[in-house]
Amino acid sequence: MKALRTIFCVMLILCFFAISVGASQVQNQEIPEEVFDFNEYFQEKLLPIVIGVLTASCGLISSLASIKKAISSLKEEREGFSKRDKEREKLLEAERQQIKEFTTQARSQLQATTEASQGIEQIKESTLRLAMEIDLLSQAIGITAVKDEEMVRTGKGKKLYALLEESKALHNQLEKRLASLEKKEGA
Numbered sequence: 000m001k002a003l004r005t006i007f008c009v010m011l012i013l014c015f016f017a018i019s020v021g022a023s024q025v026q027n028q029e030i031p032e033e034v035f036d037f038n039e040y041f042q043e044k045l046l047p048i049v050i051g052v053l054t055a056s057c058g059l060i061s062s063l064a065s066i067k068k069a070i071s072s073l074k075e076e077r078e079g080f081s082k083r084d085k086e087r088e089k090l091l092e093a094e095r096q097q098i099k100e101f102t103t104q105a106r107s108q109l110q111a112t113t114e115a116s117q118g119i120e121q122i123k124e125s126t127l128r129l130a131m132e133i134d135l136l137s138q139a140i141g142i143t144a145v146k147d148e149e150m151v152r153t154g155k156g157k158k159l160y161a162l163l164e165e166s167k168a169l170h171n172q173l174e175k176r177l178a179s180l181e182k183k184e185g186a
């Protein structure tokens, strides 16, 4: 605002300077027949110049005010953008942190899954071995029971033979299940 006042004051000083220069030129002219009328000279020559300068000054002042408003709104927009950038950066950092945590959890779960898968393989192998051992023991018991005459006479041999047949059936079912599991894992 001080700059506008200074410009206005300079314009007024220039107007008065123009008036004094014009007046000195009029005084230096010798017009013998006419008498110099300052009022007529002021209205015809100087008044349009002063009005033009004042009009231009008003236009300049209003233009400068518009420019000042535009600059202040640009500053506000820039501050708004910087605030939004800071908020966006905070959100981005939070997202990065969540992604890191998720990645860490996923890796640990993958490692646990791998370990569990290896444990399941060991359990499958142990189960298959135990089933084979049980089958062999069942066959051995069956063979001894069939050859023992006392067991045959008392009827316990038939029971043992039935248990042996049941053991073989269970063993066959176990082999089928293990084979289907191996096919699923291979696929």
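Residue numbers (numbering that gives the first Met the number 0): 0 to 186.
C-beta: ideal position from N, C-alpha, C; glycine also.
Straight-line spacing of the CA atoms in F41 and V52 works out to 15 Å.
Counting along the chain, the unbroken alpha helix (DSSP H) around F37 starts and ends at F37 to Y40. Taking a cut-off of 8 Å on C-beta distances, the segment 173-185 touches the segment 114-127, as three or more cross pairs fall below it. Distance from the CA atom of E78 to the CA atom of R4, rounded to whole angstroms, is 30 Å. Apart from sequence neighbours up to five positions away, no residue of its chain approaches L73 with a beta-carbon distance below 6 Å. Judged by beta-carbon spacing, S166 lies within the 8 Å limit of I133, meaning their Cβ atoms are closer than that value. For the pair M10 and S62, the CB atoms are not nearer than the 8 Å cut-off. Around the C-beta of L13, fewer than 16 other C-beta atoms lie within 10 Å, and the residue is accordingly described as exposed. In terms of Cβ geometry, S137 and L173 do not form a close pair [threshold 8 Å].
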